[in-house]
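The structure under discussion appears below in the form of structure tokens.
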Amino acid sequence: MTFELKELSTLKKEFNDAVDVLLKRDKKIKKIEDLSNPRKYELQYLTAILSRLEEQVSERTIKPQVAALTFYGAMQTVMRDIENKRGMLDSSGLLSDSLANIIGINAEVRAENKPDLYQTSKFYTALNEFLKQIFINNDSRKGFKKEHILHAIPTNHLNELIETSYLLSKNAEKAIVDSLAATGQSIVVFEKPTPPSVEEKKETPVVEEQKTVFIGEYAASKKSPISATGRFGSWEDLTLALDDLIKDELADKNVSKINKLGLHRAAQLHFLNTIKAAVQATGINESEKLAVLAGAMHLVRKQIDDEYASAILTSTENSIIHKGLDKILGKKGEVDAQDIEALIFSTTQFMRFLSVEPKAEAKKSIRNKHIFSEIAGFDLKNTFTLCIDMIHDCRNVALHHVVEEFNKEGKIPEKAPKSYIASALSKFSFLAGKKDESSEEEDDELEHKSTDALTR
Numbered sequence: 044m045t046f047e048l049k050e051l052s053t054l055k056k057e058f059n060d061a062v063d064v065l066l067k068r069d070k071k072i073k074k075i076e077d078l079s080n081p082r083k084y085e086l087q088y089l090t091a092i093l094s095r096l097e098e099q100v101s102e103r104t105i106k107p108q109v110a111a112l113t114f115y116g117a118m119q120t121v122m123r124d125i126e127n128k129r130g131m132l133d134s135s136g137l138l139s140d141s142l143a144n145i146i147g148i149n150a151e152v153r154a155e156n157k158p159d160l161y162q163t164s165k166f167y168t169a170l171n172e173f174l175k176q177i178f179i180n181n182d183s184r185k186g187f188k189k190e191h192i193l194h195a196i197p198t199n200h201l202n203e204l205i206e207t208s209y210l211l212s213k214n215a216e217k218a219i220v221d222s223l224a225a226t227g228q229s230i231v232v233f234e235k236p237t238p239p240s241v242e243e244k245k246e247t248p249v250v251e252e253q254k255t256v257f258i259g260e261y262a263a264s265k266k267s268p269i270s271a272t273g274r275f276g277s278w279e280d281l282t283l284a285l286d287d288l289i290k291d292e293l294a295d296k297n298v299s300k301i302n303k304l305g306l307h308r309a310a311q312l313h314f315l316n317t318i319k320a321a322v323q324a325t326g327i328n329e330s331e332k333l334a335v336l337a338g339a340m341h342l343v344r345k346q347i348d349d350e351y352a353s354a355i356l357t358s359t360e361n362s363i364i365h366k367g368l369d370k371i372l373g374k375k376g377e378v379d380a381q382d383i384e385a386l387i388f389s390t391t392q393f394m395r396f397l398s399v400e401p402k403a404e405a406k407k408s409i410r411n412k413h414i415f416s417e418i419a420g421f422d423l424k425n426t427f428t429l430c431i432d433m434i435h436d437c438r439n440v441a442l443h444h445v446v447e448e449f450n451k452e453g454k455i456p457e458k459a460p461k462s463y464i465a466s467a468l469s470k471f472s473f474l475a476g477k478k479d480e481s482s483e484e485e486d487d488e489l490e491h492k493s494t495d496a497l498t499r
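The numbering of the sequence shown is my numbering, which starts it at 44 and goes up by one.
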């Protein structure tokens, strides 16, 4: 058997039943708002999300399967929030146990019937995409909406819940990377394969051919915004800047070619040149080409940051490459975290196309031969992991900025607007009637464009 995703209507009923049991445990408590914190906030978080998901399914602005995935992610986020707040000797508690039963991850469930790595990652991808609704125009740079769907929850506690969902997403993505085996048999080629003629077919013995993927077929599932790429000028400008930077490094080290540099630096520069050549061979537009190469530059700069962080007597000021990348990319603090995240994602999804084979028997794999294979000292898995870490860091930086600005303005809400939260809670009362839900065909993939590059 395998894990079976429940419909949103089923999740709602089971969640309602769990809330009823929780409230009946103390005869003095009649509604969620009477509970103590943090249990009150956690249930308000879940009820508000579930209510909005129902509305969106009804409005056909979200597919039923994506809505269900989102609520799975929300429940697991609350379970982790409970875990984060309980003492060493405390039990997980009734709510956490109930949510585990609903999700299907309690101790009685066999491992093969629990969500796998890819399904778990999709939970958090769907949730984090959904949570963008709390920002004006779904853009955290513009701040919180005045009365967003989670307005009932004090901002600092909401910040903790969102941070938790970001962290869970990061961990799930890393688990996928760790699971990848180099067993993929297909290869990416730079020249479009031509089918053999009838005569060639007759003359050529029948053998199993290695599957080839033409690089010109690459299409970005999500593109970086112009706010992220506008600073780089044209493709020619960016590639010339990279070429000049590499020449500066060679001159400084008094060597004639990249291979004569130290292993790590040589691997980084070969990586950038490889990305540049591969992007050039695609048919994507110039803006996205800029995004992929600039994202790769951000990765290399972060690698150099990490190298120098462990050195006591040196700093990145001593690195020609780091200083040059600062000039090209902009120093820390000069570029919005959201734009850096977009660039890193553009690079990640392109690297995935080049090196990761789509699922076979429910698992993805790394191609046993790919474009980065020949780079001495280059570690593909570590690079994917760094991408995931950087995206996570960018999300947290952006979230913290929004929360800080919100708190400065003194807008921390302590009570929910009666109009929304009252209607939300009423839908989940055990006395409330159940509304009919039409059955719709479930999709195998998320409707929205994922910001988690290895989920698909």
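Glycine included, each C-beta is placed from N, C-alpha and C at the ideal position.
- Query: Between L160, G136, L65, which lies nearest to A215 when the distance is taken from Cα to Cα?
  - Reply: Taking the sequence shown and counting its residues from 1, one reaches residue 215 at position 172. Comparing Cα positions, the closest option is L160.
- Item | Extent of the continuous alpha helix (DSSP H) to which S212 belongs | Numbered from 1 along the sequence shown, position 169 holds the residue referred to as residue 212. For S212, the enclosing alpha helix (DSSP H) starts and ends at 198-222.
- Task: Answer yes or no: do K157 and F46 have a C-beta to C-beta separation smaller than 7 Å?
- Result: As a working mapping, residue 157 is identified with position 114 in the sequence shown. As a working mapping, residue 46 is identified with position 3 in the sequence shown. Result yes, Cβ atoms of K157 and F46 sit closer than 7 Å.
- Task: Taking only runs that begin and end inside the stretch 116-177, name each unbroken alpha helix (DSSP H) of 4 or more residues, in chain order.
- Result: Correct list: 137-146, 160-173.
- Task: Mind reading off the beta-carbon distance from T391 to C437? Whole number of angstroms is fine, and I expect it under 8 Å.
- Result: What you label residue 391 is simply residue 348 of the sequence shown in a count that begins at 1. What you label residue 437 is simply residue 394 of the sequence shown in a count that begins at 1. With a Cβ gap of about 12 Å, T391 and C437 do not count as contacting.
- Query: CA-CA distance, K265 and R82?
  - Reply: Taking the sequence shown and counting its residues from 1, one reaches residue 265 at position 222. Taking the sequence shown and counting its residues from 1, one reaches residue 82 at position 39. Take the alpha-carbon of K265 and the one of R82: they are about 37 Å apart.
- Query: Taking Cβ to Cβ, would you say F421 is nearer than 7 Å to A310?
  - Reply: Mapped onto the sequence shown, residue 421 falls at position 378. Mapped onto the sequence shown, residue 310 falls at position 267. Yes, the pair counts as a contact, with Cβ atoms nearer than the cut-off.
- Task: Kindly indicate which residue of S164, F388, L306 has the alpha-carbon position closest to the one of A419.
- Result: On the sequence shown, residue 419 is found 376 positions in, with the first residue counted as 1. When C-alpha distances from A419 are compared across S164, F388, L306, the shortest belongs to L306.
- Query: What number of angstroms, rounded off, separates the C-alpha of S135 from the C-alpha of I125?
  - Reply: Working through the sequence shown from its first residue, we reach residue 135 at position 92. Working through the sequence shown from its first residue, we reach residue 125 at position 82. C-alpha separation (whole angstroms): 7 Å.
- Ignore the nearest five residues each way along the sequence and tell me which others in T505's own chain have a CB closer than 7 Å to its CB. No statement about residue 505 is possible, as the shown extent of the chain runs from 44 to 499 and does not include it.
- Ignore the nearest five residues each way along the sequence and tell me which others in Q346's own chain have a CB closer than 8 Å to its CB. For this step, residue 346 is matched to residue 303 along the sequence shown. H307, Q311, L429.
- Item | Three-state class that DSSP yields for F326 in the structure shown | As a first step, residue 326 must be located in the sequence shown, where it is residue number 283. Per the sequence presented here, residue 326 reads as Gly, with Phe not at that position. If DSSP states are grouped into helix, strand and coil, G326 belongs with coil.
- Task: Consult DSSP for G338 and reduce its assignment to one of helix, strand or coil.
- Result: Position 295 of the sequence shown, counted from the first residue, corresponds to residue 338. The answer is helix: DSSP assigns G338 an H, G or I state.
- Message: Less than 7 Å between the beta carbons of D291 and I363, yes or no?
- Response: To locate residue 291, count along the sequence shown from 1; it is residue 248. To locate residue 363, count along the sequence shown from 1; it is residue 320. Result yes, Cβ atoms of D291 and I363 sit closer than 7 Å.
- Task: Work out the CA separation of S270 and E360 for me, nearest whole Å.
- Result: To locate residue 360, count along the sequence shown from 1; it is residue 317. To locate residue 270, count along the sequence shown from 1; it is residue 227. Answer to the nearest angstrom: the Cα atoms are 28 Å apart.
- Message: Using C-beta distances below 7 Å, list every residue in its chain close to N181, excluding the 5 sequence neighbours before and after it, in chain order.
- Response: For the purposes of this step, residue 181 is taken as the residue at position 138 of the sequence shown. So the list reads K175, once near-sequence residues are dropped.
- Message: When you compare the stretch 201-209 with the stretch 146-156, are there three or more beta-carbon pairs, one atom per stretch, that lie closer than 8 Å?
- Response: Short answer: they don't touch.
- Got a sec, what are the start and stop residues for the beta strand (DSSP E) S358 sits in? Here residue 358 refers to the residue found at position 315 of the sequence shown. DSSP places S358 in no beta strand (DSSP E); its state is neither H nor E.
- Item | Separation of A334 from G326, as counted between CA atoms | In the sequence shown, residue 326 corresponds to position 283, counting from 1. In the sequence shown, residue 334 corresponds to position 291, counting from 1. Taking the straight line from one Cα to the other gives about 14 Å.
- Item | Helix, strand or coil at P107 according to DSSP, with G and I counted as helix | Stepping through the sequence shown from its first residue, residue 107 is reached at position 64. Helix at P107.
- Output the distance between the C-alpha atoms of I196 and V378, rounded to the nearest integer angstrom. Position 153 of the sequence shown, counted from the first residue, corresponds to residue 196. Position 335 of the sequence shown, counted from the first residue, corresponds to residue 378. Their Cα atoms are separated by approximately 30 Å.
- Through-space distance from V121 to E76, alpha-carbon basis: In the sequence shown, the residue the question calls residue 76 occupies position 33. In the sequence shown, the residue the question calls residue 121 occupies position 78. Cα to Cα, the separation comes out at about 17 Å.
- Query: Measuring CA to CA, which of E98, S229, R103 is closest to S408?
  - Reply: Within the sequence shown, the letter at position 365 stands for residue 408. Comparing Cα positions, the closest option is S229.
- May I have the straight-line CA-CA distance separating E98 from K412, to the nearest angstrom? Here the question's residue 98 lines up with position 55 in the sequence shown. Here the question's residue 412 lines up with position 369 in the sequence shown. Taking the straight line joining both Cα atoms gives about 47 Å.
- C-alpha gap between K49 and L65, whole angstroms: Looking up residue 49 in the sequence shown gives position 6. Looking up residue 65 in the sequence shown gives position 22. Taking the straight line joining both Cα atoms gives about 22 Å.
- Item | Same chain only: Cβ atoms within 8 Å of A441, ignoring 5 sequence neighbours per side | Taking the first residue of the sequence shown as 1, we reach residue 441 at position 398. S183, R184, D379, A380, Q381, E384.
- Query: In whole angstroms, what is the alpha-carbon distance linking S212 and N297?
  - Reply: Numbered from its first residue, the sequence shown carries residue 212 at position 169. Numbered from its first residue, the sequence shown carries residue 297 at position 254. If I take the Cα positions, the gap works out to 44 Å.
- Kindly list the residues whose CB is nearer than 7 Å to the CB of R274, restricted to its own chain and excluding five residues on each side of it in sequence; keep chain order. Counting from 1 along the sequence shown, the entry for residue 274 is found at position 231. For R274, the CB contacts under 7 Å within the same chain, skipping 5 residues up- and downstream, are G373 in chain order.
- Message: Does any residue of chain C have a CB that is nearer than 7 Å to the CB of S222?
- Response: Looking for chain C here will not work: only one protein chain is present.
- Message: Please state whether the Cβ-Cβ distance between R95 and I192 is less than 7 Å.
- Response: Looking up residue 95 in the sequence shown gives position 52. Looking up residue 192 in the sequence shown gives position 149. Going by beta carbons, R95 and I192 fall inside the 7 Å limit.
- Query: How is E190 classed by DSSP in three states: helix, strand or coil?
  - Reply: Here residue 190 is taken as the residue at index 147 of the sequence shown, counted from 1. The answer is coil: DSSP assigns E190 none of H, G, I, E or B.
- Distance between beta carbons of G453 and I387, contact taken as under 8 Å: On the sequence shown, position 344 is the one that residue 387 refers to. On the sequence shown, position 410 is the one that residue 453 refers to. The pair is not a contact, with the Cβ atoms about 34 Å apart (cut-off 8 Å).
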